[in-house]
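In the working numbering, the protein residues as written are 38 to 165.
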């Protein structure tokens with residue numbers, strides 16, 4: 038994305054402009070009426086909330102990574118027991134993961150996604 042920003046510098050009303058190139062970005066929909074635009078780089082990793090949550094069937098988790106890398110998805114119960122662990126390959130860009138609620142007992146769990154650069158944990162509820 039190429040942008041040009043034009044401003045007038047007070048108090049002398051001197052016009053100025055700056056050209057900028059945005060080489061990477063993602064769009065995050067925050068709610069039904071707004072969206073955000075953020076930069077990311079090779080060290081970035083953004084993990085979406087699990088949706089739908091509570092999980093009653095199949096839910097999805099998305100990972101946005103600035104670089105293709107190896108990673109790990111770990112689901113633990115609230116007392117720290119690992120109930121599922123999976124080595125994974127994160128794509129540069131978006132990687133989707135499906136969580137099947139029928140694989141778990143009803144309750145609250147922590148979903149952790151770890152890459153070489155970052156670890157993110159999300160909370161999910163399994164509802165039967």
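Here a beta-carbon is modelled for each residue, glycine too, at the ideal position from N, C-alpha and C.
Using CA atoms only, rank isn't needed, just tell me which of the options is closest to residue i.
i           : options            : result
residue 153 : 104, 113, 93, 94   : 104
residue 85  : 145, 39, 130, 138  : 130
residue 165 : 82, 158, 52, 143   : 143
residue 161 : 151, 146, 121, 155 : 146
residue 134 : 82, 52, 100, 120   : 100
residue 119 : 51, 91, 46, 148    : 148
residue 102 : 55, 141, 132, 88   : 132
residue 107 : 47, 141, 150, 53   : 150
residue 138 : 91, 48, 115, 52    : 91
residue 141 : 123, 125, 117, 112 : 112
residue 158 : 121, 126, 125, 110 : 110
residue 88  : 82, 98, 81         : 98
According to DSSP, is residue i helix, strand or coil?
i           : result
residue 108 : strand
residue 86  : coil
residue 152 : strand
residue 117 : coil
residue 94  : coil
residue 81  : coil
residue 102 : strand
residue 50  : coil
So, for residue i: in the same chain, excluding its five sequence neighbours on each side, which residues have a beta-carbon less than 6 Å away from its beta-carbon?
i           : result
residue 128 : 105
residue 39  : 58
residue 49  : none
Return the Cβ separation of residue i and residue j in integer angstroms, given the expectation that the two are a contact with Cβ distance under 8 Å.
i          : j          : result
residue 56 : residue 45 : That belief does not hold up - the Cβ atoms of residue 56 and residue 45 are roughly 17 Å apart, past 8 Å.
Counting only the same chain and skipping the five closest in sequence on each side, list residues whose C-beta sits under 8 Å from that of residue i.
i           : result
residue 95  : 135, 136, 137, 138
residue 156 : 149, 150
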